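Note sheet for the following structure.
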Amino acid sequence: MINVDRVKRVLVVGSGVMGSSIAQVFAMGDVDVTLMDVDGKALTRAMGVIESGLKTLADFGKISGAKIPSILSRINRVTDLTETAGDVEFAIEVVPEVPNIKRKVLSQLGDLCAPETVIASNTSALDIFNIAEVKGPERLIISHFFSPAHIIPLVEIVPGARTSPETVSFTAALMEKLGKSPVVMKKYWPGFIGNRIQKAIGETVLQMIQEGVATPDEIDRAMKLTLGIRLPIVGVVQTFDFQGLDMLLDTMRNYGKVFGFIEEKVKKGHLGVKTSKGIYDYQGRKEVEILRKRDELYLKMLKHLEEIHAFDPV
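Residue numbers (our numbering): 1 to 314.
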């Protein structure tokens, strides 16, 4: 497997909203990008979108405006996959979420790319490991960016049963080199982390609207004024530690669904923040100390969100 520091050129297949944004990420990371799409007009549109995105980043001081021309110059557009696939160290498909299309593109990449080239998919949910037959399955991996890829830090790295540890470590290191924050999953799970959780929330919200429980505006305000403040600070899992795992267990029993690992922690007296150990280990820190830090961060977050009028509709 090639050293991540030697990655000089990558291939992005698909120039839609996500493909163009991912190409921008690589170009901003001083990597030459070949952006491929069968539609030449789509490629032209993509370059306009990328340039606009770069100008927005420059307006907010994230990049120097003087660097925009050189970043754009790193992106080469092609309409024929055979023109460049053999000359890249990393290839990622960002084509529509249609199994047959994914299968065809990934198979082509397997045939055209060099044996050591890592082949990635930006699928948001599909099990490409069962969908696609790729030469060298040990180099096939999911590298899932979130929209807009040039702003959102997270990239989910998802291996298949035959993906090699080297492919996983290489892909994670490449994402870090690009300034991303990769989360490496142990195995494929439908929807991965972010979209799986978002799906559960989304389905509940749509049911609420369907049944007339609350208006869309009321639901969004409820989420912004609670989870919107808390999630960036304590996430989802750590929230349970602040709630208290004993209280969580009581709630689970009321709903008739108990998770064994929570039951075990409660039996051991690991109840969360109040015992300095729960799902997280707080290293003997006192409850009041942990709560103060949390509250300070909440207040800073609330102040910031109020200042930018984040609680109003966009």
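Glycine is no exception: its CB is placed at the ideal position from the N, C-alpha and C atoms.
Since the model is a prediction, treat every value here as computed from it, not as a measurement.
Rounded separation between residue i and residue j - CA only
i      : j      : result
Leu178 : Arg45  : 24 Å
Pro159 : Glu93  : 15 Å
Thr34  : Ile308 : 37 Å
Gly110 : Val31  : 22 Å
Gln207 : Ala200 : 11 Å
Asp220 : Ile233 : 19 Å
Met301 : Gly228 : 9 Å
Thr171 : Glu51  : 26 Å
Pro137 : Asp250 : 45 Å
Thr163 : Arg139 : 6 Å
Pro153 : Met175 : 10 Å
Glu289 : Ile131 : 50 Å
Val183 : Gly235 : 14 Å
Asp312 : Met223 : 12 Å
Val4   : Gly260 : 40 Å
Ile119 : Asp39  : 22 Å
Glu89  : Met185 : 23 Å
Gly244 : Thr226 : 18 Å
Val237 : Arg77  : 43 Å
Ser20  : Ala149 : 9 Å
Glu211 : Phe146 : 30 Å
Lys277 : Pro190 : 30 Å
Val17  : Ile128 : 21 Å
Pro216 : Glu306 : 21 Å
Thr204 : Thr79  : 42 Å
Phe240 : Asn122 : 31 Å
Val12  : Cys113 : 13 Å
Ala23  : Glu263 : 46 Å
Asp295 : Phe242 : 12 Å
Val273 : Ile63  : 40 Å
Residue i - DSSP class collapsed to helix/strand/coil
i      : result
Lys257 : coil
Val155 : strand
Lys135 : coil
Asp281 : strand
Asn3   : coil
Glu89  : coil
Leu140 : strand
Val205 : helix
Gly272 : strand
Arg45  : helix
Lys67  : helix
Ser124 : coil
Ser164 : coil
Val314 : coil
Leu178 : coil
Ile197 : helix
Pro190 : coil
Glu218 : helix
Lys62  : coil
Val94  : coil
Thr84  : coil
Gly40  : helix
Where the alpha helix (DSSP H) containing residue i begins and where it ends
i      : result
Ala120 : Per DSSP, Ala120 belongs to no alpha helix (DSSP H); it is in the beta strand (DSSP E), 118–121.
Ser20  : 17–28
Ser147 : Here Ser147 belongs to no alpha helix (DSSP H), and DSSP marks it neither H nor E.
Pro232 : 227–234
Gly212 : Unbroken run through Gly212: none, as it is neither H nor E.
Pro99  : 99–112
Continuous beta strand (DSSP E) stretch holding residue i: start and end
i      : result
Glu306 : Taken as a continuous stretch (DSSP letters only), Glu306 belongs to no beta strand (DSSP E), being part of the alpha helix (DSSP H) at 287–307.
Leu11  : 9–13
Val183 : 181–184
For residue i: DSSP bridge partner residues
i     : result
Thr56 : Answer by DSSP bridge pairing: none, since Thr56 is not bridged.
Leu35 : Val12, Arg77
Any non-hydrogen atom of the ligand SAH within 7 Å of residue i CB
i     : result
Gly16 : Of the ligands one can find in the structure shown there are none, so the ligand SAH has no counterpart to examine.
C-beta neighbour in chain C for residue i, strict 8 Å
i      : result
Val234 : Absent from the structure: chain C. Only one protein chain is present.
Three-pair Cβ contact test at 8 Å for the segment 63–78 versus the segment 16–32: yes
The segment 251–258 / the segment 271–290 touching (three or more Cβ pairs under 8 Å): no
The segment 179–195 contacting the segment 39–55, beta-carbon criterion three pairs below 8 Å: no
Contact the segment 52–62 vs the segment 97–104: 3+ CB pairs below 8 Å: no
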